[in-house]
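Under mature numbering (1 follows the signal peptide of the UniProt record, and there is no 0), the residues of the sequence shown are numbered -12 to -1, 1 to 497, in order.
Below is one structure, written out as structure tokens; comments come after it.
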Amino acid sequence: AVIGLAASHAPAQQPAAPTSPTPPKPLTEDGGQPVGNNQNSRTAGPNGPVLLDNFHLIQKLARFDRERIPERVVHARGVGAHGEFVSYGDYSKYTKAKVFSAKDKKTPTFLRFSTVIHPNGSPDQLRDPRGFAVKFYTEEGNWDLVGNNLPVFFIRDAMKFPDMVHSLKPNPVNNQQEPARFFDFFSHIPESTHMLTFVYSDMGTPASLRQMDGFGVHAFKWVNEKGDVTYVKFNWRSLQGHKNYTAAEAAAASAKNHSGLTEDLYENIQAGNFPSWELGLQMMKPEDLDKFDFNPLDDTKVWPGIEEIKVGKLTLNKVPDNFFQFSEQAAFSPGMVVPGIEPSEDKMLQGRLFSYADTQRYRIGANYLDLPVNRPKAAVSNNSQDGALNHGGRSGDLNYEPSVRTGGRRDTTEKEYSKASLADQVVQQPIHKTLNFKQAGDLYLSFKEEEKANLISNLAGDMNKVKNEDVKKQMVAHFYLANADYGTRLAKAVSVSLRDVKALAEKTK
Ligand code: HEM
């Protein structure tokens, strides 16, 4: 009998042994030489010692010793799949991006889902936002839309990101994730109230990667041939509907199979049950940016009341042949944009533009964009060269420009960014119109009673691990400012005085 962990993964029936096995390929060393004996080390006499001239043994061990690369500093646990994006129309009135230039235009894609904080190999059902990163291999190079399954984020300035992640990651002393540390951080970050309300609802524990939405989160710019700018938000809407676990269901599912969401994705794609998402687009004219009670370039906000039009559909239709080569070596970056799509001024997004390619040069290596999963389908031609693990693709001696041989300086207007006027002072300060709590309150009010009850109990589950009463009260004050009922119920669930909470709320608002 199979016992323990393996039991849940044991196939119901052992596959029948093939009647005529295909002869295995001859075994070779890494240099292509035939391997004589792959079972026994070469020794002086039957017991040993082992001889240094056993090159194959040493190569085999040394190669094994180098199998791991650093895991992503965030979003380490993930899974990806190949797919295709189809545009619903010709949107050239708003963007010159070729992906959106014609009805039924097809663009190959790779999508990677992930959890954010937990390490590679952790249960994929744990509470966390889910990464939803899409790479479009367009004819004008790669466009990466590196989003999450929740429409907003915890913070609005890249300066805070490393501190936030440190508070959420395990304690550097005892290697344990501690709500006392991250609630301490968030008690100073009122703008996190909206995102925390999402993460501690059951949307923080999706039951299937196929049954959740995805969001670009930030505002981006669509730019047409004339240089006209439209601010846009990208929202992926699941055509499989939505399904979340309660906290208890997520715990039970991860105890049964800690790769349950990965398994669900692979099984469905392999069975031909291809999941798909429609790409919803919200648009805003630059002159309207100042017309709201919030800042539309603030990534802690959704754009309520702005119509969402559907501009295309993404379908996942193939799982990679090799997990490491595709899901692990995939490198997405918000800086990978194509003509017609630009980052907005959102300062959080601006920080991200630096961070991704930087970590990828460290995590994978200088030539990471030449790997099959990252390599653009468009031709690459520039003067970057050499570096570790370079395997060609660039030839000739002309590795500089301008040159008489290319007719002097080349025309670079293709990738020119839209014009934007900068007429302000250099400052280092928070944004105007913070509106930290209102949208969190609106979200709370949109929940059914059962969803509200789960949100309170999920939050209380972690907040009750916080010993510092001041941290607890300040956190409850934020939720109270979002909605009085929300804060009142939470105060009760975490046993803090509602009077103290109200006093803190008064001071905070
Ligand atoms: C992954 C940094 C905010 C979504 C990463 C990685 C870094 C990073 C360093 C690892 C990349 C790699 O190793 O390939 C940052 C910084 C942020 C930020 C500095 C804020 C300033 C966000 C936000 C979102 C997001 C707001 C969602 C809109 C993702 C996703 C991945 C990721 C989906 C995983 C991509 C993959 O599957 O490979 N982030 N991040 N991040 N981030 Fe962020």
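For every residue, glycine included, the Cβ atom is placed at its ideal position computed from N, Cα and C.
Please read these numbers as outputs of a predicted model, since none were measured by experiment.
Apart from the five residues just before and just after E333, which ones in its own chain have a Cβ nearer than 8 Å to its Cβ? L285, A408
Spatial neighbours of E389 in its chain, beta-carbon cut-off 6 Å, leaving aside the 5 residues before and after: none
Just curious, the alpha helix (DSSP H) that E55 is in, first and last residue? Element bounds for E55: n/a, residue is neither H nor E.
Nearest to Q427 (by Cα), restricted to the options P139, G77, P11: P139
Would you kindly report the start and end of the unbroken alpha helix (DSSP H) that includes M324? Run containing M324: none; DSSP gives neither H nor E here.
Have a look at the DSSP bridge pairing and note the partners of N223. F203, G268
Among the candidates T95, T185, R118, whose CA atom is the shortest distance from the CA of L431? T185
Proximity of L249 and L197 at Cβ, strictly below 8 Å: yes
Say the cut is 7 Å; is the CB of Y328 nearer than that to a heavy atom of the ligand HEM? Correcting the residue type first, residue 328 is Gly in the shown sequence and not Tyr. No.
Outcome for E255 when other beta-carbon atoms lying within 10 angstroms are tallied against a minimum of 16: exposed
Contact test: A207 Cβ vs the ligand HEM heavy atom, cutoff 7 Å: no
If we count the other Cβ atoms within 10 Å of its Cβ and call it buried at 16 or more, is A491 buried or exposed? exposed
Under 8 Å: do the segment 194 to 208 and the segment 479 to 493 share three or more Cβ pairs, one atom per stretch? no
Measuring from the CB of V134, is there a heavy atom of the ligand HEM at a distance below 7 Å? yes
If I follow the unbroken alpha helix (DSSP H) through A345, where does it start and stop? 335 to 351
Compute the distance between the beta-carbons of R65 and A318, then report whether it is under 8 Å. no
In whole angstroms, what is the alpha-carbon distance linking P364 and L40? 43 Å
Measure the alpha-carbon distance for V74 versus A85 and round it to whole angstroms. 13 Å
Have a look at L337, A241, N162 and flag the residue whose alpha-carbon is nearest the alpha-carbon of A195. A241
Can you tell me whether Q348 sits near the ligand HEM, meaning its C-beta is under 7 Å from at least one heavy atom of the ligand? yes
Along the chain, where does the beta strand (DSSP E) containing F312 start, and where does it finish? From DSSP, F312 is part of no beta strand (DSSP E); its letter is neither H nor E.
Tell me whether the segment 223 to 238 and the segment 154 to 174 touch, counting them as touching only if at least three CB pairs, one residue from each stretch, are closer than 8 Å. no
Taking the CB atoms as reference points, tell me whether A470 and G429 lie closer together than 8 Å. yes
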